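Residue numbers (our numbering): 1235 to 1330.
Each residue gets a CB set at the ideal place from its N, CA and C atoms; glycine is no exception.
Just so you know, these numbers come straight off a predicted model, no measurement behind them.
One structure below.
Structure (structure tokens):
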């Protein structure tokens, strides 16, 4: 008796599900239960633009003595050396 009752109830549940789907389709106006077809989206994306390469200039080597003389002529006083902080652990090498 129980297997017959279970099969009857399963069929009734399937019928109710079908009725609910039909009523929702009528209410909304489109079928919500069909899976949409998977097609790629073809949107016109902006074309890739690449900037021009930067202009790289190579500078010649400069003499620091001439630079110090030019600075003192322009400003009227000699350029002071860099004052290092007391806690600075950076050391300047003797030779380069």
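Check: Beta-carbon proximity check, residue 1306 vs residue 1312, cutoff 9 Å; Outcome: yes
Check: Element boundaries [alpha helix (DSSP H), containing residue 1248]; Outcome: 1236–1262
Check: Residue 1309 - DSSP class collapsed to helix/strand/coil; Outcome: helix
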